[in-house]
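One structure below.
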Amino acid sequence: MSRTALLSPQAPDQAAPSLDTNPHDIWFWSSYLVPRFCAYLSEAGSYTTEQQAAHVSCLRAAVAALGPKHPHPHVRSAFTKNGAPIELSFNLCEGRSPTARFYIEPLGPKTGTDEDPFGKSWAAPSFSCLAAQMTSMDTRWYNHLSEAFRLKGQEEIDTAMAQRRPDAWLPRVFLGVDFVGADRTLKCGLCPLLKLSATGAKPDDFALGNGVVLDAVRGLPGFGANMRGALDILGQYLVENQKDDIQDDGAGGRKDTGNMCRACAKAKRPRPFFNLVSVDCVNIDNGKGRMKLYARINCNSFACIRDAVTLGGRVTDEVTLECLRRLRSVWHLLLNDPACEHDEDYSRPVAVESARRGIDINWEISDRLSVPQAKVYVPVSIFHANDLEANRNLSAAFRKLDWYEWADSRYEKMLRRVFPEADFATSHINTWISFCYYQSCGAYMTMYHSPPL
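Numbering (the UniProt record's numbering), first residue to last: 1 to 453.
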């Protein structure tokens with residue numbers, strides 16, 4: 001079992017390990033990102049001058065983990081549409097002030113080469129670099145999952161090497177920092193697909209590895225009864241057979257609360273596979289620890305989204321149903337297609353590469369929750385021709401959610417200040433949005449932004 005590793009609060013830049021990043025690359029990332037992140041924090045309106053300065057120092061330290069300047073010489077990050085290994089995000093909800101975050105994929109100068117084909121040598125020092133900037137840390141869950149998904153033995157390494165495709169980089173880890181007031185929390189997303197590939201699994205068979213991922217999660221230190229029960233519900237959903245006996249309610253809707261759309265049910269589309277497991281590096285002894293399991297739904301009909309959110313009708317508490325009601329009210333705006341508004345079985349056609357098609361779902365599991373709580377991720381960049389379209393529809397969605405200040409041009413003005421070089425008629429800064437609903441703070445929506453490098 002992983003040993004407890006609690007780090008006491010410390011100032012940014014203190015005790016940060018050295019990464020062998022070229023000074024010219026550090027200058028490239030710092031000169032571009034620091035002024036934009038300063039503007040990002042300022043536009044949020046949630047941070048004091050002192051808090052902003054401390055958070056910017058955190059970013060200054062983190063840029064070393066980004067490695068070579070964009071574009072990377074050996075791999076293309078799967079993180080963003082333009083292949084950049086960093087993304088900013090901005091959260092709005094009813095119960096608290098706006099919150100800023102950033103996420104990175106650590107890519108070293110030798111990542112993707114024969115010397116470090118999967119980025120192993122860069123992941124650990126990058127984690128340590130960011131961990132040193134946090135106001136508190138607990139590494140137990142990160143350590144456990146890192147070990148669970150680590151390639152073990154030469155046979156697994158050789159198999160993964162043989163499976164490697166130059167056009168399909170499998171990420172190892174994503175690192176994010178959540179800025180709430182003066183606090184900084186590290187969020188770590190670990191990708192199990194490389195491990196599954198090392199066992200000989202092909203992409204079409206990754207769903208067979210869901211049990212491997214679930215077993216790794218069950219072994220987390222301090223994994224409590226609520227978490228175990230919630231994970232069992234999720235496991236049942238992933239292995240059940242599809243039903244094709246969908247019934248109408250007589251008013252254009254559905255009687256059931258958890259079936260796929262007619263097309264997917266008829267085709268008996270298989271359940272998705274886990275492509276990411278995320279944990280917050282917070283003290284797990286007080287019950288605040290939470291983890292999230294991510295999967296991609298290859299259909300964007302609202303019926304299929306409802307099916308995933310309710311886990312095939314297993315989770316129908318009032319909070320979940322309210323989440324669906326509110327998401328349903330803005331779904332046609334997020335997909336930029338009025339046909340979605342009145343037909344839950346309609347799936348908007350998407351003409352993009354398969355790697356970016358589909359809707360992502362994560363299911364949050366915590367000892368404070370009796371059932372998994374779903375969050376829906378929409379790749380708005382593939383549904384909108386540019387940021388002008390995306391900003392227009394996001395403003396309309398904000399209005400439906402009663403966020404009037406952000407609906408009345410504040411959101412677009414923020415992006416113009418943060419990214420003054422962007423031409424919104426051609427840019428795709430808006431990449432994803434995520435949506436969920438919490439009883440404690442109401443509707444909760446995060447906008448993800450890819451810097452137009």
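Don't be surprised by glycine CBs; every beta carbon is placed ideally from N, CA and C.
Beta-carbon proximity list for residue i, same chain, < 7 Å, skipping 5 on both sides
i           : result
residue 327 : 376, 435
residue 84  : 70, 77, 450, 451, 453
residue 400 : 329, 330
residue 105 : 77, 79, 85, 171, 174
residue 39  : 417, 418
residue 336 : 383, 384, 389, 393
residue 340 : 302, 331, 332, 346, 348
residue 206 : 193, 196, 273
residue 92  : 98, 403, 406, 445
residue 243 : Residue confidence is low: residue 243 scores 48 on pLDDT, short of 50, so the model does not pin down where it sits. Its coordinate-derived value is still stated next. These residues qualify, in order along the chain: 259, 265.
residue 180 : 99
residue 288 : 282
Contact belief for residue i with residue j at Cβ below 8 Å, rounded distance in angstroms
i           : j           : result
residue 391 : residue 411 : 7 Å
residue 275 : residue 193 : 6 Å
residue 87  : residue 431 : 7 Å
residue 101 : residue 34  : At roughly 16 Å, the Cβ-Cβ gap does not stay under 8 Å, so residue 101 and residue 34 are not in contact.
residue 369 : residue 279 : In fact, because the Cβ distance is near 15 Å, the residues do not count as touching under 8 Å.
residue 117 : residue 164 : 7 Å
Which of helix, strand or coil DSSP assigns to residue i
i           : result
residue 449 : strand
residue 432 : strand
residue 187 : strand
residue 206 : helix
residue 154 : helix
residue 163 : helix
residue 386 : coil
residue 218 : helix
residue 251 : Caution applies to residue 251, whose pLDDT of 47 falls short of 50 and renders its modelled position unreliable; the model cannot decide the point.
residue 127 : helix
residue 137 : strand
residue 394 : helix
residue 92  : strand
residue 147 : helix
residue 437 : strand
residue 25  : helix
residue 19  : coil
residue 242 : At residue 242 the pLDDT is 42, less than 50, meaning the model places this residue with poor confidence; the figure from the coordinates comes in the next sentence. Coil at residue 242, not helix or strand.
residue 170 : coil
residue 278 : strand
Beta-carbon contacts of residue i that lie in its chain and below 6 Å, excluding the five residues immediately before and after
i           : result
residue 157 : 151
residue 245 : Its pLDDT being 47, under 50, residue 245 is placed unreliably by the model, and the measurement read from it follows with that caveat. Answer for residue 245: no residue qualifies.
residue 455 : In this structure the chain extends from 1 to 453, so residue 455 is not present and cannot be described.
residue 124 : none
residue 227 : 365, 367
Those residues which DSSP pairs with residue i across a bridge
i           : result
residue 365 : 291
residue 304 : DSSP lists no partner for residue 304.
residue 175 : 104, 188
residue 462 : Here the chain covers residues 1 to 453 and nothing more, so residue 462 does not appear.
residue 116 : 111, 113
residue 345 : According to DSSP, residue 345 bridges with nothing at all.
residue 325 : Answer is none; residue 325 lacks a bridge partner.
residue 444 : 93, 436
Chain-order list of residues whose beta-carbon lies under 8 Å from that of residue i (same chain, five-residue window excluded)
i           : result
residue 322 : 437
residue 20  : 108, 109
residue 169 : 75, 76, 77, 78, 112
residue 56  : 34, 37, 38, 41
The region 297–316 in contact with the region 178–186 per 3-pair CB rule at 8 Å
no
Flag this pair as touching only if the region 218–233 and the region 188–203 have three or more C-beta atom pairs under 8 Å; answer yes or no.
no
Taking 8 Å as the threshold, find out whether the region 87–99 comes into contact with the region 133–142 through three or more Cβ pairs.
no
Looking at C-beta atoms only, is the number of pairs between the region 359–370 and the region 284–295 that lie closer than 8 Å three or more?
yes
Decide if the region 381–391 is in contact with the region 424–433; the criterion is three or more beta carbon pairs, one per stretch, under 8 Å apart.
yes
Can at least three beta-carbon pairs, one atom from the region 60–75 and one from the region 23–33, be found at a separation below 8 Å?
yes
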